[in-house]
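Line by line, the protein sequences are chains A and B.
Counted from 1, the first sequence has number 251 at position 251 by the working numbering; the numbering is strictly sequential.
For any residue, its number in the working numbering is found by taking its place in the second sequence, counting from 1, and adding 1000.
Glycine included, every Cβ here is placed at the ideal spot set by N, Cα and C.
What follows is a short report on a single structure.
Number of protein chains: 2
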Amino acid sequence: MSVDKVSDRSLSQTVKAQLALRELVLRGELNPGERVSELQMVERLGVSRTPVRMALVRLEEEGLLEAIPSGGFAVKAFSEKEVYEAIEIRGTLEGVAARFAAEHGASRTDLRNAADILDAIDDVVRQERIEIDLLQYVELNAQFHRILLAMADSPTLARQLERANALPFASPSALVPVQSRSPELHHILTVAQDQHRCVLSAIERREGSRAEAIMREHARIAHRNLEWALTNQRDMDLVPGSALIKRRIRA
Amino acid sequence: MSVDKVSDRSLSQTVKAQLALRELVLRGELNPGERVSELQMVERLGVSRTPVRMALVRLEEEGLLEAIPSGGFAVKAFSEKEVYEAIEIRGTLEGVAARFAAEHGASRTDLRNAADILDAIDDVVRQERIEIDLLQYVELNAQFHRILLAMADSPTLARQLERANALPFASPSALVPVQSRSPELHHILTVAQDQHRCVLSAIERREGSRAEAIMREHARIAHRNLEWALTNQRDMDLVPGSALIKRRIRA
DNA sequence: CTGATACAGACTGTATACAGGTCGCGGCGC
DNA sequence: GCGCCGCGACCTGTATACAGTCTGTATCAG
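Dropping the structure here:
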């Protein structure tokens, strides 16, 4: 029962191991706190120890694993507070991105592309049968956030944000799906989309401070989604890496 | 001519290699853009390829090296803009730390310790012969920033900030020494210290937004220092890792 | 004289062997 | 019955051998 998805010959063994191992952790096939044995991973991933080792180090840097004092790595467990803070930090960094974009001005093509994406999101949100297109919303949402980062034009910021998003449940659209069964879904998406419009407008008008504030608040929608998911645990399965979050005591 | 500082038997080879290699990069003994050959490092650091490889990966994650598409790593070069943005990001994260501390309240002992450090800094700054104690100022300043992070009580934020500080010239007190020959030194330290006091007061009063704003502005002092160092290149040598910054065209 | 090609050197990616340490389990003594 | 000690398995850290690839140079053809 080896990992099927990653079998390309083109990818290096290290990358292969990294992707497969991340998948394993995110899918919850390795229990939080549990040691990740190199040899077991060799067996499971079909590569030798060296690439496995590399993958372990990189995933620790990503924050999905943590080093064991006596050596080796264990799957990291996240408390509710940590997830909350991770979202807050992501929002802060996206706020900086928006401000940077506003302050030094975004290119016309970027602004145009962003606007096009927002139009596409409108099409998705305006439909009443939303459940079906949630995947599309997530994809478009991710695109918008990507282009926002591109407008900031700051490799350093990109690196930091990339790292913040490495925690899967902290990234912009990770928690959207949990609302799929919520009556508020339409409401939430409408509000989020309005924030998209506002931040883009702020960037166009060079209103840096406003752009920053909007993106910060925009990220806080994820807090509501998190709260929902924690009270309706069954919707938690829709979140990648949810297995890493320490369960709240059942109500 | 091997690296002398790191020769402890207690440290693992990997850590040894990491420290020594970082030192090499920061001291500018490896030119920016230049490939870092594993075998050469084996020779130079006195450890085998495996630990060297580990060290390379970790330093890439830190941001001091960058991966070469065809394989291996090169010393990263930083533009003036990147340094500016790195400082801005560090300030933003420290702002979040201050806000977190204010919002969920810092412990009495932390507040007390912070106040003690500020008293000690006052002693240093009030003296007129400042040059001598600049090292002490740097140390106390670092302590204050550390305790601020501790008050935030957020491992996730700590990780992100640690990473932001990994760029040596972005960390809180990295650029202080460049002002040692500046007539404005006393003025700058006085202002910085006042900001320290203000942020601590804001945290005590649970004024999160204010605490955040102050820390952001506090970090921007580093921008001035950077500007000074870039115009007075000879003072640049006082900054660790200055060799990585692309030189501005001489005036 | 210029451009392309082939070859040589070097370098990285990968696999594996070896040594030292750690953790857990079982047996023995109290 | 309980606690301590010792042994053994496992696991990581390290070193090194091997293969594929890239780069740079030199030579040859046009």
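Contact between the stretch 1223-1230 of chain B and the stretch 1174-1181 of chain B: three or more CB pairs below 8 Å? yes
**OP:** Report buried or exposed for residue 18/A, applying the criterion of at least 16 other Cβ atoms within 10 angstroms of its Cβ.
**Re:** It counts as buried.
Alpha-carbon to alpha-carbon, residue 236/A and residue 134/A: 16 Å
Residue 1241/B and residue 1169/B closer than 7 Å at C-beta:
yes
On a CA-only basis, which of 1248/B, 1097/B and 1050/B is nearest residue 1232/B? Give me that one, please.
1248/B
Margin query: Within 7 Å of any Cβ in chain A, is that where the Cβ of residue 1157/B sits?
Written below: yes
Please name the residue in 1047/B, 1040/B, 1144/B and 1175/B whose C-alpha comes closest to that of residue 1011/B. 1047/B
**Continuous alpha helix (DSSP H) stretch holding residue 21/A: start and end** = Start and end: 13-26.
(message) Quick check on the DSSP output: the alpha helix (DSSP H) that includes residue 1125/B runs from which residue to which?
(response) 1108-1126
Using DSSP bridges, identify the partner residues of residue 245/A. 78/A
Quiz item: Residues in the stretch 111-143 of chain A with C-beta within 8 Å of chain B's C-beta atoms, listed in sequence order?
Solution: If the cut-off is 8 Å between Cβ atoms, the stretch 111-143 of chain A has nothing near chain B.
**Item:** Under 9 Å from the C-beta of residue 224/A: neighbouring residues of chain B
**Value:** The premise fails here: residue 224/A is roughly 18 Å from chain B at the closest Cβ pair, so nothing lies under 9 Å.
| request: Name, going along the chain, the residues of the stretch 94-109 of chain A whose beta-carbon falls closer than 7 Å to a beta-carbon of chain B. | output: 96
*Assign residue 165/A to one of two classes, buried (16 or more other C-beta atoms within 10 Å of its C-beta) or exposed (fewer than that).*
buried
| Strand pairing of residue 1073/B, partner residues [DSSP] | 1036/B and 1067/B
_Beta-carbon spacing of residue 1076/B, residue 1066/B below 7 Å_ = yes
I need the DSSP call for residue 235/A, collapsed to helix, strand or coil. helix
Between which two residues does the alpha helix (DSSP H) containing residue 1061/B stretch? 1049-1062
When we look at the beta-carbon of residue 68/A and count the other beta-carbons within 10 Å, is it buried (16 or more) or exposed? exposed
Checklist entry - What three-state label does DSSP hand residue 1174/B in the structure shown? => result coil
_Through-space distance from residue 160/A to residue 107/A, alpha-carbon basis_ = 23 Å
I want to verify the contact list: residues of chain B whose CB lies under 8 Å from the CB of residue 22/A, in sequence order.
None at all; the shortest Cβ gap to chain B is about 15 Å.
Backbone CA spacing between residue 1218/B and residue 238/A [nearest angstrom]:
42 Å
Terminal residues of the continuous alpha helix (DSSP H) containing residue 165/A? Its alpha helix (DSSP H) spans residues 155-166.
Q. Between 54/A, 90/A and 103/A, which lies nearest to residue 14/A when the distance is taken from Cα to Cα?
A. 54/A
Should the stretch 80-98 of chain A be regarded as contacting the stretch 140-160 of chain A, the criterion being three or more beta carbon pairs within less than 8 Å? yes
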